[in-house]
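Residue numbers (the working numbering), protein chains in the order written: chain A, 412 to 541; chain B, 690 to 1351; chain C, 83 to 341; chain D, 11 to 158. We put the beta carbon where it would ideally sit given N, CA and C, even for glycine. All figures in this text were calculated on a predicted structure; none of them were measured in a lab.
1. What three-state label does DSSP hand residue 36 of chain D in the structure shown?
2. Who are the Cβ neighbours of residue 291 of chain C in its own chain at under 7 Å, not counting the five residues just before and after it?
3. Give a yes or no on whether 7 Å exceeds the smallest Cβ distance from residue 90 of chain D to chain B.
4. Which of helix, strand or coil does DSSP assign to residue 1352 of chain B?
5. Starting from the beta carbon of residue 499 of chain A, find every residue of chain C whose beta carbon is closer than 7 Å, and list them in chain order.
6. Within this structure, are the beta carbons of residue 1163 of chain B and residue 1153 of chain B separated by less than 7 Å?
7. Buried or exposed, going by whether 16 or more other CB atoms sit within 10 Å of the CB of residue 84 of chain C?
8. So, using beta-carbon positions, are residue 268 of chain C and residue 229 of chain C closer together than 7 Å?
9. Quick check: what's the CA-CA separation for residue 947 of chain B versus residue 1187 of chain B?
10. Would you mind telling me which residues of chain C sit closer than 8 Å to residue 1157 of chain B, beta carbon to beta carbon, in chain order?
11. Does the beta carbon of residue 217 of chain C come closer than 7 Å to any beta carbon on chain E?
12. Counting Cβ pairs, one atom from each stretch, are 3 or more of them under 8 Å apart for the stretch 1317 to 1331 of chain B and the stretch 772 to 791 of chain B?
13. Measure the CB-CB distance between residue 197 of chain C and residue 161 of chain C and report whether it falls below 7 Å.
14. Output the boundary residues of the alpha helix (DSSP H) element that contains residue 769 of chain B.
15. Cβ closer than 9 Å: which chain C residues qualify as neighbours of residue 1030 of chain B?
16. May I ask you to verify whether the stretch 812 to 821 of chain B touches the stretch 793 to 804 of chain B, counting CB pairs closer than 8 Å and requiring at least 3?
17. Quick check on residue 690 of chain B: buried or exposed, where buried means 16 or more other Cβ atoms within 10 Å of its Cβ?
18. To be precise: take each residue of the stretch 447 to 463 of chain A, compare its Cβ to all Cβ atoms of chain B, and keep it if any distance is under 9 Å. Which residues remain?
19. Show which residues of chain C have a CB atom less than 7 Å away from the CB atom of residue 428 of chain A.
20. At 7 Å on the CB atoms, spell out the chain A contacts of residue 1082 of chain B, in chain order.
21. Work out the CA separation of residue 859 of chain B and residue 1091 of chain B for me, nearest whole Å.
22. Between residue 944 of chain B and chain D, is there a C-beta pair that is closer than 7 Å?
23. Alpha carbon to alpha carbon, how far is residue 1254 of chain B from residue 1245 of chain B?
24. Within the continuous alpha helix (DSSP H) that includes residue 225 of chain C, where are the two ends?
25. Does the beta carbon of residue 1154 of chain B come closer than 7 Å to any beta carbon on chain C?
26. Which parts of the stretch 103 to 132 of chain D are runs of the beta strand (DSSP E), unbroken and 3 residues or longer, counting only runs that do not cross its ends?
27. Could you name the residues of chain C that residue 1037 of chain B contacts, counting a contact when the two beta carbons are closer than 8 Å?
28. Just tell me which of D:108, D:47, D:103 has its CA closest to the CA of residue 69 of chain D.
29. Cβ closer than 9 Å: which chain A residues qualify as neighbours of residue 180 of chain C?
30. Nearest chain B C-beta to residue 412 of chain A closer than 7 Å, yes or no?
31. At least one CB of chain A closer than 7 Å to the CB of residue 254 of chain C: is that the case?
32. For residue 451 of chain A and residue 471 of chain A, what's the separation of their Cα atoms in angstroms?
33. Any beta carbon from chain C within less than 7 Å of residue 1090 of chain B's own beta carbon?
34. Taking the alpha carbon of residue 100 of chain D as the reference point, which residue from D:59, D:139, D:125 has its own alpha carbon closest?
35. Give a yes or no on whether the C-beta atoms belonging to residue 1022 of chain B and residue 1190 of chain B are separated by under 7 Å.
36. Counting only Cβ pairs nearer than 9 Å, list the residues of chain A close to residue 230 of chain C.
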C-alpha cells in the first residue's frame, strides 16, 4: 500500500464527511450493534483508531464484512458520529486498494437458493466487490 | 471654546524614561484650546492632584487632559479631582501614554511622538466634551421572585430577613418545586421534605413575604428599581381564606381518571385536589378541565361536602398589579422528553421509568407508599438497571449537548438507598463517566461501589426489550472488558437530562433577559457576575441559569438575594450619564435603533416638534436613560444619524480620528 | 393522481406479485403509477462514502426522469426508497457530489434534488390518507393480529429519511388499522433482520431474523408484514417459519378486494 | 501616513478601535506585560465595537490612514451581549465596499481580543503592522462633498 497511515486516516475522514473526534467513547454504537459478537474490532473503536491513524489494524479487521449497514449505530449515536460510515470507508479502502473481491462471482452460485431476492445479490456485490 | 489644561505624568520613570515628557508639554501648548500644560512626577499623588486643582482655579480651566496611565486605572481619580476643583467630572479625558506607549516602545523619539499624538487626540476630544449629569432614579423597595422552588424560597427568605418586602409568583398550586418531589437528598441522605417543608412554612408565615401560587407573570414593564408587573392569579375555584385544607373534597371527588402530576402521573388524583399533604398554601384547587361540574354542569359534590363553604365555581382569574425594584428569576427545570429515546422502551413498558418517577416510588407518600415495586405487576424486583446520560451530552436533535450535572450523584443515591432497604436487589449502573466533583461527593459514590456492592458498568445501553420471561433484557456493552452484555432485569431507570422549565422563554423576553441556545438564562459575566442577568435589576437563582444541585442552588439563591438587597438598600440609583440620546429633528421614527438595543431602552412617542418653524407631530425615538447602558449600537444603526452617545459622540470620535491622522 | 414509479430489481424478478399487488391496490385507490422508462437498478445499498459517485448515478437518472415529468417518485421496495432518497439528499445538499454526478450525466439542466421521493406507505399516509383507505376497504381483515416489521432502511438515518419516529414509528400500525386488522407492537420491529448477510453468513442472518420473529410472537402476533423483499426473505427463510410473513401490498390488495 | 523626521523613512499610520471592556483592557495587559508592537498603531477607545460607525473608518482613510483595525470582545462575550455581532456584520459590508473603492481588503481587519489576551493583542498588532508596511502607502479617500 502506497499511502501511509496518516494519509489513509485523512482520506477516510474526508470520505465520511464528519469529525470522528466528536466521539466521546460512550459505546452506544457497540451496545446497539446487532452483529457485535461477530466482530473482532468493535464499532466504538473505529472513531478513535481512525483518529490515531491505526488504519492497518482496521484494514485487516473482520468487522468490515460483518457490519450489516443497518444504521442503528448512526441513529443512536449521541455525538453525531456515524460509525457505519467509518466502517464502510475503511472497507472501501480495502476493496479499492486490493482490487480483490471479498465475494468472488464464482462463489455466488453455491450461495443461491430459489427464493433469494435479487436485491441480496446486488447488495452483497456492492458491499464486497469492486 | 474650552480652556484646557494638559497634565503630563512621569509616573516616576515608567513614562519619563521612554517619553520625553517636557517635549510633550511643549508640543501640546499650541493645540486649540490649550491654555496650560505641565508635567509632574506623580500626577495621581496628593500633590499631583493639588497641582491640577490649583491650575484649574488659576487658569479658569473648563476641561483637562491627563497624559498618564490607562483610564481604566485612574480615570475615576482624576474625575474626582476635577469635581473637587468645581468642574464637571466628565470634562476629563485621559491620554494613555503608559500602557499604550512608554511600556511597549523602546525608541524614545518614536514613543514621544506617539505620546504627543495621543495627547492631541484627547485634547481634540475634550474640546467637544460637555458636562454630563448622572441621572437618578428611585428604587421601589420590593422584590419579585418568579418561581417558588427551593431557589425562589431561599432568595425570598434572605431578602425578607433583610427587611424588604418580597412576593413569590408560582404557577403551580403550591410552592416547593422539584425538591418537594424528592425522597432523599445527597450526599447526606436526609429526607427532602424534612428540610424543605419548614422553609416552605417559614416563607408562608414571614411577614415580609407574599405568596401568589397558581399565578403567572403576565407582563413586565419598566427598568431597574422601577418594574411594573402584572400577575395573573388563576381561579382556583376555592376560596383561599375559607379552605381549611381538610381534604374531604379531594377524597369525595368522583372524577379520578386523570394523572397526579406530583407523583409523575404514576397514580391518579381527583379534579379537586391538594398537590401533596404538606402543600403551602394547604388549600384545594379545582382542575376545571377535569371537573364534572365544569364539563356537565352537574355533580358539585365537593361543594356539598365542604363544611367551610370554600368552593366557588364562579371564581374568576384576577390580575394583580405591583411595582418592584428587583426581580429574581428562579424558574427551575423540568425533566426532558425521554419518549424520543424509545430504544429504552419508556413509552412501551411500565417498568422503564425516569429517575424522578423512582423518587416518587421510593417516597413514603408516593404511589406505592415507599415500597419498591415494578409498576407492571406490582411485584418486588430482583434486578434494577440505571442508565446514565439519557439525553445529556447528546449533540443530536433529540438530546442536550450539556451535562445535566446532578444525575451521577442522584443515581448513586438511588442505588445506595435500594441496596440499603432491599439487600436482595441487584443494582447495575451503566455510565459513560462518573462525575462527582463536590464536597463529599466522590466519597459518596465510592461508598455505593465499595460498601453497597453496586455494579457499575462503563458503557451505554443500546436497547431494552421485554423477553420471554416477562422481564426486561438490557442490551449493552462493557467498554472496559470490550464485550457485549445482555442483562436480564426487572426495572430500568433512565437518568433523563434536565432542561429549563417550559415558559422560560416567555419570561426571558418579558424581562429582556437573554437566554442561551439551551434556554438557560445568561449571566452578566460567567465568572464575576454569575447571579446577575445582563439586564440591570434582574437576578438569577437556581437551575434556570444552568444545571446545579441543591447546595449550589441554595448558595446561588443567597447570592442573588444579596444582590437584590444591595439594590433595594439604595434610595436612589445613579445612572451612567454616557447614554444614547436622539436628535428629535433628525429622527424619523423608523425603529432601527429599537431593534438593535439589547436592553429594550428605546421606545417611541408621538410628539410635536418644531422643524425650522414647521410644527408637526412625529413618531420619535425616546431613550430611557435608566435602562441604557451606553453601548452605542443604536447610534450606528440609525440611518439618519439622529442617535448619538453622550461621552462618545460622533463628533468626539471623529475629532480623535482627525487628530491621530493629522 | 399520477406518480412516477420505480419498481426495482426484485419486484421485477423474484417478487413480481408484490409489484402487481401494489399497482392493483393503487389503481383501486385512484392512483396511477407510471413506471419510469429505462430505470436501472439502484444498487440495493447506499454507497456512503462522499467520493462514491458512479454507484449513485442510476438513482440520479431515475430522479431526473421523474423531474422531467414533474411527478413525485414512488417506490415499494424499502431498499430502493432508502438508496434513492439518500442520493436525492446528496444531490440537494452536497455540492461536490452534485457537481460530479452532473458532470458525468450531462443532463440539459443539472439535477439538484428537485424530485420528491416517497415510499408507497408515505403515499398512503400523506397523499391518500388512511381514513380514505379505511372507507375504500371492502374486505376488512377483522380479527387478524398483525405485527409490522419496519427493518432499518425505511427509518434510518431518520435525519435524512424523515419517514417516522425511528424508535417508535406508527405508520405501519396505522396502515394495519386502516385495513381493519389489529396491529401488534413489539420491541424488534425496527431491528435488523440480517439483510444481505444471508449471502455469506447464514447463521448471523438466522440469529437476527429469529429475534424479530420471537419478539413479534411474544406480543401475540399471528403474522408479520414488511415493506422490503429482503426482509421478507430473511423472516421467511432464515427462521423456523412459525409466523407467516407477507408484503404489505398483498394485504392492501386483499382488503381492497383486488387481490 | 507620517514621516519619521530622523530616519525619513516611510512609516504606516494605523488606527485601532478598541472596545472598552475587552480589547482596550487587552491592550493595557500587553502594556503591563511589556509586549511590544509598533508605535504606528494608535488606539481609540470606544465603549463597544458596535459603537464604531463606518463613518469613523471612512474618515480615517480620508485623512490618510494606511490601515484600520477594529477589536472587540470574542463572540458571545460582549459586555453588552450582542454588540460585537452587529459590529461584525457592519464591518463585513463596509470592508467589502472599501475593497471595491480601492482600499485593499488587507488594510482592514476585525479581531476579537479579550481582556486576558495581552499576548494576542501584541501578536495581532505586529502582524497587522507588518501587513500594512508590506502593502506600502495607501491611497487617500477623497470626500467629494468638499470638491467643487
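Reading from the atomic positions:
1. For the purposes of this step, residue 36 of chain D is identified with residue 26 of the fourth chain, where counting begins at 1. Three-state result, residue 36 of chain D: helix.
2. As a first step, residue 291 of chain C must be located in the third chain, where it is residue number 209. Excluding sequence neighbours, residue 291 of chain C sits near 275, 276, 316, 317, 320, 321.
3. To locate residue 90 of chain D, count along the fourth chain from 1; it is residue 80. It does: the Cβ of residue 90 of chain D has a partner Cβ on chain B nearer than 7 Å.
4. The shown model of chain B, from 690 to 1351, leaves out residue 1352 of chain B, and the question about it has no answer.
5. Here residue 499 of chain A is taken as the residue at index 88 of the first chain, counted from 1. Result: 130, 131.
6. Position 474 of the second chain, counted from the first residue, corresponds to residue 1163 of chain B. Position 464 of the second chain, counted from the first residue, corresponds to residue 1153 of chain B. Against a cut-off of 7 Å, the Cβ pair of residue 1153 of chain B and residue 1163 of chain B comes out as a contact.
7. Numbered from 1 along the third chain, position 2 holds the residue referred to as residue 84 of chain C. Label assigned to residue 84 of chain C: exposed.
8. Translated into the one-based positions of the third chain, residue 268 of chain C becomes position 186. Translated into the one-based positions of the third chain, residue 229 of chain C becomes position 147. In this structure, residue 229 of chain C lies closer than 7 Å to residue 268 of chain C by Cβ.
9. Position 258 of the second chain, counted from the first residue, corresponds to residue 947 of chain B. Position 498 of the second chain, counted from the first residue, corresponds to residue 1187 of chain B. Approximately 25 Å, taken between the alpha carbons.
10. As a first step, residue 1157 of chain B must be located in the second chain, where it is residue number 468. Under the 8 Å cutoff, chain C gives 296, 300.
11. Although the question refers to chain E, the structure presented lacks it and instead comprises the protein chains A, B, C and D.
12. no
13. Locating residue 197 of chain C in the third chain gives position 115, counting from the first residue. Locating residue 161 of chain C in the third chain gives position 79, counting from the first residue. No, the pair does not count as a contact, with Cβ atoms beyond the cut-off.
14. As a working note, residue 769 of chain B is residue 80 in the second chain. Residue 769 of chain B -> alpha helix (DSSP H) spans 760 to 773.
15. Here residue 1030 of chain B is taken as the residue at index 341 of the second chain, counted from 1. The contacting residues are 249.
16. no
17. Counted from its first residue, the second chain places residue 690 of chain B at position 1. With fewer than 16 other Cβ atoms within 10 Å, it is exposed.
18. For the stretch 447 to 463 of chain A, which is checked against every Cβ of chain B, the residues closer than 9 Å are 447, 448, 453, 455, 456.
19. Counting from 1 along the first chain, the entry for residue 428 of chain A is found at position 17. Neighbours of residue 428 of chain A on chain C, chain order: 132.
20. Here residue 1082 of chain B corresponds to residue number 393 of the second chain, with the count starting at 1. Those within 7 Å of residue 1082 of chain B in chain A are 435, 489.
21. On the second chain, position 402 is the one that residue 1091 of chain B refers to. On the second chain, position 170 is the one that residue 859 of chain B refers to. Each residue's Cα considered, the two are about 27 Å apart.
22. Residue mapping note: residue 944 of chain B aligns to position 255 of the second chain, counting from 1. No, no contact with chain D.
23. The residue labelled residue 1254 of chain B in the question sits at position 565 within the second chain. The residue labelled residue 1245 of chain B in the question sits at position 556 within the second chain. Looking at the two C-alpha atoms, the distance is approximately 14 Å.
24. In the third chain, the residue the question calls residue 225 of chain C occupies position 143. Run containing residue 225 of chain C: none; DSSP gives neither H nor E here.
25. On the second chain, position 465 is the one that residue 1154 of chain B refers to. It does: the Cβ of residue 1154 of chain B has a partner Cβ on chain C nearer than 7 Å.
26. Complete beta strand (DSSP E) runs here, min 3: 118 to 122.
27. Numbered from 1 along the second chain, position 348 holds the residue referred to as residue 1037 of chain B. Under the 8 Å cutoff, chain C gives 250, 267, 269.
28. Here residue 69 of chain D corresponds to residue number 59 of the fourth chain, with the count starting at 1. Per the Cα distances, D:108.
29. Stepping through the third chain from its first residue, residue 180 of chain C is reached at position 98. The contacting residues do not exist; residue 180 of chain C stays about 14 Å from chain A at best.
30. Residue numbering aside, residue 412 of chain A sits at position 1 when the first chain is read from its first letter. Model confidence at residue 412 of chain A stands at a pLDDT of 44, short of 50, so the residue's coordinates are unreliable; what they give is reported in the following sentence. Taking CB atoms only, residue 412 of chain A has no neighbour in chain B less than 7 Å away.
31. Position 172 of the third chain, counted from the first residue, corresponds to residue 254 of chain C. Judged by the 7 Å Cβ criterion, residue 254 of chain C is not in contact with chain A.
32. For the purposes of this step, residue 451 of chain A is identified with residue 40 of the first chain, where counting begins at 1. For the purposes of this step, residue 471 of chain A is identified with residue 60 of the first chain, where counting begins at 1. Residue 451 of chain A and residue 471 of chain A: Cα-Cα distance of roughly 10 Å.
33. For the purposes of this step, residue 1090 of chain B is taken as the residue at position 401 of the second chain. It does not; no Cβ of chain C falls within 7 Å.
34. Numbered from 1 along the fourth chain, position 90 holds the residue referred to as residue 100 of chain D. When each option's Cα is compared against that of residue 100 of chain D, the closest is D:59.
35. In the second chain, counting from the first residue as 1, residue 1022 of chain B sits at position 333. In the second chain, counting from the first residue as 1, residue 1190 of chain B sits at position 501. Closer than 7 Å, so yes.
36. Taking the third chain and counting its residues from 1, the one referred to as residue 230 of chain C is at position 148. Result: empty, since nearest Cβ-Cβ is about 17 Å, beyond 9 Å.
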